[in-house]
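Number of protein chains: 2
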Amino acid sequence: MYPNWILQRAYLTPNRVGLTFEGKQWTFREIKEISILRAKQLNALGIEQGSRVAILGENDANTVFVMYACMHLQCEMVILNRRLTKRELAYQIDDAEVGTVLVNDRDLPLLPENVNFILFSEIEKSAWKPVEIRKEWSLDQTVSIMYTSGTTGFPKGVRQTAMNHQSNALASVLNIGLSENDVWLCAVPLFHISGFSILVRSLLYGNEVKLYRKFDPEPIAEDIASGRVTHISLVAVMLERILHVFEEKELRASPSFKLVLAGGGPFPIDYLKRAEERGMRVLQTYGMTETSSQTATLPAEDALRKIGSAGKPLFFNQIKILGAEGPYQEGEICIRGPHVTPGYVGRFEHNPSMIDGWLHTGDIGYLDEEGYLYVVDRRSDLIISGGENVYPAEVENVLMGHPAVKEAGVCGIEDATWGQVPIAFVVLKKDASIQEIIEYCSQHLAKYKVPKKVHIVDALPRNASNKLMRRKLKELLR
Amino acid sequence: MYPNWILQRAYLTPNRVGLTFEGKQWTFREIKEISILRAKQLNALGIEQGSRVAILGENDANTVFVMYACMHLQCEMVILNRRLTKRELAYQIDDAEVGTVLVNDRDLPLLPENVNFILFSEIEKSAWKPVEIRKEWSLDQTVSIMYTSGTTGFPKGVRQTAMNHQSNALASVLNIGLSENDVWLCAVPLFHISGFSILVRSLLYGNEVKLYRKFDPEPIAEDIASGRVTHISLVAVMLERILHVFEEKELRASPSFKLVLAGGGPFPIDYLKRAEERGMRVLQTYGMTETSSQTATLPAEDALRKIGSAGKPLFFNQIKILGAEGPYQEGEICIRGPHVTPGYVGRFEHNPSMIDGWLHTGDIGYLDEEGYLYVVDRRSDLIISGGENVYPAEVENVLMGHPAVKEAGVCGIEDATWGQVPIAFVVLKKDASIQEIIEYCSQHLAKYKVPKKVHIVDALPRNASNKLMRRKLKELLR
Chain G
313 MYPNWILQRA
323 YLTPNRVGLT
333 FEGKQWTFRE
343 IKEISILRAK
353 QLNALGIEQG
363 SRVAILGEND
373 ANTVFVMYAC
383 MHLQCEMVIL
393 NRRLTKRELA
403 YQIDDAEVGT
413 VLVNDRDLPL
423 LPENVNFILF
433 SEIEKSAWKP
443 VEIRKEWSLD
453 QTVSIMYTSG
463 TTGFPKGVRQ
473 TAMNHQSNAL
483 ASVLNIGLSE
493 NDVWLCAVPL
503 FHISGFSILV
513 RSLLYGNEVK
523 LYRKFDPEPI
533 AEDIASGRVT
543 HISLVAVMLE
553 RILHVFEEKE
563 LRASPSFKLV
573 LAGGGPFPID
583 YLKRAEERGM
593 RVLQTYGMTE
603 TSSQTATLPA
613 EDALRKIGSA
623 GKPLFFNQIK
633 ILGAEGPYQE
643 GEICIRGPHV
653 TPGYVGRFEH
663 NPSMIDGWLH
673 TGDIGYLDEE
683 GYLYVVDRRS
693 DLIISGGENV
703 YPAEVENVLM
713 GHPAVKEAGV
723 CGIEDATWGQ
733 VPIAFVVLKK
743 DASIQEIIEY
753 CSQHLAKYKV
763 PKKVHIVDAL
773 PRNASNKLMR
783 RKLKELLR
Chain S
313 MYPNWILQRA
323 YLTPNRVGLT
333 FEGKQWTFRE
343 IKEISILRAK
353 QLNALGIEQG
363 SRVAILGEND
373 ANTVFVMYAC
383 MHLQCEMVIL
393 NRRLTKRELA
403 YQIDDAEVGT
413 VLVNDRDLPL
423 LPENVNFILF
433 SEIEKSAWKP
443 VEIRKEWSLD
453 QTVSIMYTSG
463 TTGFPKGVRQ
473 TAMNHQSNAL
483 ASVLNIGLSE
493 NDVWLCAVPL
503 FHISGFSILV
513 RSLLYGNEVK
523 LYRKFDPEPI
533 AEDIASGRVT
543 HISLVAVMLE
553 RILHVFEEKE
563 LRASPSFKLV
573 LAGGGPFPID
583 YLKRAEERGM
593 RVLQTYGMTE
603 TSSQTATLPA
613 EDALRKIGSA
623 GKPLFFNQIK
633 ILGAEGPYQE
643 GEICIRGPHV
653 TPGYVGRFEH
663 NPSMIDGWLH
673 TGDIGYLDEE
683 GYLYVVDRRS
693 DLIISGGENV
703 YPAEVENVLM
713 GHPAVKEAGV
723 CGIEDATWGQ
733 VPIAFVVLKK
743 DASIQEIIEY
753 CSQHLAKYKV
763 PKKVHIVDAL
773 PRNASNKLMR
783 RKLKELLR
């Protein structure tokens, strides 16, 4: 019995600008009208209400309208990561049993073969068929599905319900506040929860999203310096590039610029200090696909006092450290709240997402005596490269598929640009060149997952029960 | 699976001031500590977790702490209106089957006879008994019960759940925004939803409440002019008195003062214009006990363009006009949303609060072509006097209880100070003086409900089915 966000927002503040993209602007009334038209066109093209579709598109206004059209139709949107290989996309499309992929024309070359698809241009040109747009949504309905890997190395499709998204947006506003002039710059991908959640917040808050096709540090730095935008979501590598522009041009953030929401892994303290010198407040956040973005965010008043911390949970959320009996004791970070996914689709559909009502993240962390969260180690040796997650197990699975590879171990090493990059260690069963192995990976894995270096070794570090000890891999470099 | 608001707020922002009262301040950590202590003391005094209690107390810090203690104990709080007579209070205490009334010492003289009670001073002096404070609340739990009359003239105890309160606070923030420096001045009674909802918002938002024991225009005007507070909830008569101080002293609202939330019936346009001249933004709101305060509020950007309107629904709420087929058609205002009460306690427990999922308010209104609500006539000829609701049927019931009164009709007339005041028309069956009848009413009714004038007439205006036509009563004055 909650209102359809798009209709309600257009009813409440029809004349406010909701979206800006490449010089064009759309009010919430226009966004409603276009998204309803697209819903009717999708209906004419055979997309049924409540069905499951996939979306493949870069950041642009058309992608937003098609997403909103799917929301009107209450379709479950599998939002595809356009950095993946065709093989990886084919896995997700197959696993989620998607009927049709809606594809931005420019992304057609990314699409795997033998997949039902409709181009955005076809939707836009299509006739339309009337469809009853529901004025109310159930909070249980799945709005989006995003794939993320885990300990298994097989990507799992995570359900993100209306409740998950709505709770997150509301809890965030209780932390960072809201004013009617807020403008959120989105240069993170819409296919990530960091980007998609900017759209959700815009519908609930009634604020403008300034959408960028690509991350482009020069104009973004201008937007921050001029006060054209008030909020931006960034990963570390992006902040560094913006800081570079700020320093080169001797810019300062406008006083009306409010904050950088800093996700996708830890930010070097040096970046935070440089940002502070330029008048930019950076709020570190800890979140994941399974929690529809932020679980914890450093409150505004603690941004400088607790550098390195991911803050405290947002108002509706709870965090506990498994097994810890007091502050500073490390353990697995467990999460509870209305923002936690109810579960998965596809082959993991019957796997529980929670144990005793808590999401066990696999990440290691501790709480200090005031209850601030510090993330010590990402789950399953997760490597975060430029804000993208790389799961060692997934890369190892691919390596082991190569006919010459007997064993494989993958870990991350520090990288000045990307934070981390993956490298691999392999034990061979027959001759193969490193070049050949890397090429093999490129065919199977998104570029950011391909090991930057492959080392051929005699044996991998294993524990007594023969389990790979990924944290010891780096020692082989010496 | 939502966190206990008081614990979570104290965890997230322990050092922020949450409450100011008569020169003293309490941080959220202190509020948590005191309220937990009070909960343990109440436990020692025999108040069981989950039981139903009543609270009778004026606006002061102790009342807040006792209310929060009851929330920790998950008691259902019947919050008593201290302007009522002993008879009226006794009815509510009896109807709600309240075990114990928790009474602020200064209000002991207001308490009816033969009622179990504990004084606040006894609680504060009491030993304590350990009690498990639940860290999580179910949103279905009833937090507060407030009595309101209706067409029947018998006050009904309205359940206000955690969901009702939380939804209202969240939807309000999406309308009016939030910043960490917000301070809400509370000079409306905590026993009204207008006052109690300020406390709820404070816990969710983490903002300070500056609480006044009584409405006092001089210091309140100073708070607004100096920027000491940013928000205030007012009824019309209060705003007029503040404006009077502003005009006399040639004050202007501080630029950091954000808004007056203007409830309890329509505000004269003259007040709104005078407020605007003094730099005060007034947002008219439409709400009631059954909706845990605001249902609709005029959005900030329309405050001047749509004077006289109660605005649009808050984000989660829906409004429809029963029977209306288009804009400007008048009909009964019906409301839907997570803020609507699930029902009543006491003798009306089994009366449904909703019809087909909609609360039928009995109020008459219309929507304009943009969907702005205009309230034309309050339910059941409701009279709003100084922000307090007076139900004609309730006053008529009392009048008919007088041995000389055969028939009675009550309506409101305009009043320069209170907006409206009730007057009565009676048909006598034996001789009685007007003085005598008014005194009789004073024994049975709160002061603001007692008819300011009683007219003895030969007959009351009735329709064909002999139903009293209250709107025609005024014609008898000619």
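For the protein sequence lines, the chains are G and S, in the order given. 415 is the number that this note's numbering gives to position 103 of the first sequence; each next residue is one higher, with no gaps. 604 is the number that this note's numbering gives to position 292 of the second sequence; each next residue is one higher, with no gaps. Glycine included, every Cβ here is placed at the ideal spot set by N, Cα and C. Since the structure is predicted, the reported quantities are computational estimates derived from the model, not experimental observations.
Inter-residue Cα distance where the pair is residue i and residue j
i: G/ILE445; j: G/LEU385; result: 7 angstroms
i: G/ASN428; j: G/GLY638; result: 54 angstroms
i: G/PRO421; j: S/GLY669; result: 49 angstroms
i: S/ALA615; j: S/ILE631; result: 19 angstroms
i: G/VAL766; j: G/LEU772; result: 13 angstroms
i: G/LYS437; j: G/ASN355; result: 13 angstroms
i: S/SER545; j: S/TYR583; result: 15 angstroms
i: G/ALA439; j: G/LEU349; result: 10 angstroms
i: G/VAL512; j: G/ALA537; result: 26 angstroms
i: G/GLU492; j: G/ALA373; result: 22 angstroms
i: G/GLN337; j: G/GLN404; result: 33 angstroms
i: S/GLY724; j: S/GLU589; result: 30 angstroms
i: G/MET592; j: S/LEU516; result: 27 angstroms
i: G/VAL722; j: G/THR729; result: 19 angstroms
Coarse secondary structure for residue i, derived from DSSP in three states
i: S/LEU563; result: coil
i: G/ALA728; result: coil
i: G/LYS742; result: coil
i: S/GLU425; result: coil
i: S/TRP317; result: helix
i: G/GLU706; result: helix
i: G/ARG648; result: strand
i: G/LEU711; result: helix
i: G/GLU448; result: strand
i: G/GLU388; result: strand
i: G/LEU273; result: With chain G covering only 313 through 790, there is no way to say anything about residue 273 of chain G.
i: S/SER806; result: In this structure chain S extends from 313 to 790, so residue 806 of chain S is not present and cannot be described.
i: S/THR542; result: coil
i: G/GLN641; result: coil
i: S/THR609; result: strand
First through last residue of the beta strand (DSSP E) which encompasses residue i
i: S/HIS672; result: 671-679
i: S/ASP770; result: That residue, S/ASP770, is in no beta strand (DSSP E); it is neither H nor E in DSSP.
i: G/GLU436; result: No beta strand (DSSP E) contains G/GLU436, which is instead part of the alpha helix (DSSP H) from 432-437.
i: S/ALA366; result: 364-368
i: S/ASP689; result: 685-689
Extent of the continuous alpha helix (DSSP H) to which residue i belongs
i: G/ASP406; result: 398-407
i: S/GLU345; result: 340-356
i: S/GLY507; result: 505-517
i: S/ARG471; result: Where S/ARG471 is concerned, there is no enclosing alpha helix (DSSP H), although the beta strand (DSSP E) it sits in stretches over 468-473.
i: S/SER538; result: 529-538
i: G/TYR583; result: 581-589
CB contact below 7 angstroms: residue i versus chain B
i: G/TYR323; result: No chain B is present in this structure, whose protein chains are G and S.
Heavy atom of the ligand MN within 6 angstroms of residue i beta-carbon
i: S/GLU726; result: The model on display carries no ligand, and the ligand MN is accordingly not part of it.
Item to check | Cβ contact (3+ pairs, closer than 8 angstroms) linking the stretch 591-598 of chain S and the stretch 573-582 of chain S | outcome: Because the criterion of three Cβ pairs below 8 angstroms is met, the stretch 591-598 of chain S and the stretch 573-582 of chain S touch.
Checklist entry - Are there three or more Cβ pairs, one per stretch, closer than 8 angstroms when the stretch 558-569 of chain G is compared with the stretch 449-458 of chain G? => result In short, these stretches do not touch, since the Cβ pair count stays below three.
Next on the checklist: Short of 8 angstroms Cβ to Cβ, which residues in the stretch 668-694 of chain G face chain S?
Outcome noted: Result list: GLY669, GLU682 and GLY683.
Checklist entry - Quick one: any contact between the stretch 379-394 of chain S and the stretch 351-365 of chain S, if contact means 3 or more CB pairs under 8 angstroms? => result Taking a contact to require three or more Cβ pairs closer than 8 angstroms, the stretch 379-394 of chain S and the stretch 351-365 of chain S qualify as touching.
Checklist entry - Using a beta-carbon distance cut-off of less than 7 angstroms, what residues from the stretch 472-506 of chain S approach chain G? => result LEU482, VAL485, LEU486, GLY489, LEU490, SER491 and GLU492
Checklist entry - Are three or more beta carbon pairs between the stretch 407-416 of chain S and the stretch 477-497 of chain S nearer than 8 angstroms? => result no
Item to check | Residues from the stretch 617-633 of chain G in contact with chain S, defined by Cβ distance under 7 angstroms | outcome: LYS624, PHE627, PHE628 and GLN630
Checklist entry - Using Cβ-Cβ distances below 8 angstroms, what residues of the stretch 509-540 of chain S are close to chain G? => result LEU516, TYR517 and GLY518
Next on the checklist: By the 9 angstroms beta-carbon criterion, what residues does the stretch 635-659 of chain G contribute toward chain S?
Outcome noted: ARG648, GLY649 and PRO650
Checklist entry - Listed from N- to C-terminal order along the chain, which residues in the stretch 314-345 of chain S have their beta-carbon within a distance smaller than 7 angstroms of any beta-carbon of chain G? => result TYR314, PRO315, GLN320, TYR323, LEU324 and THR325
Next on the checklist: Three Cβ pairs or more, each shorter than 8 angstroms: is that satisfied between the stretch 698-716 of chain S and the stretch 755-762 of chain S?
Outcome noted: yes
Checklist entry - Given 8 angstroms as the limit, is there contact between the stretch 651-663 of chain G and the stretch 617-625 of chain G, that is, 3 or more CB pairs closer than that? => result no
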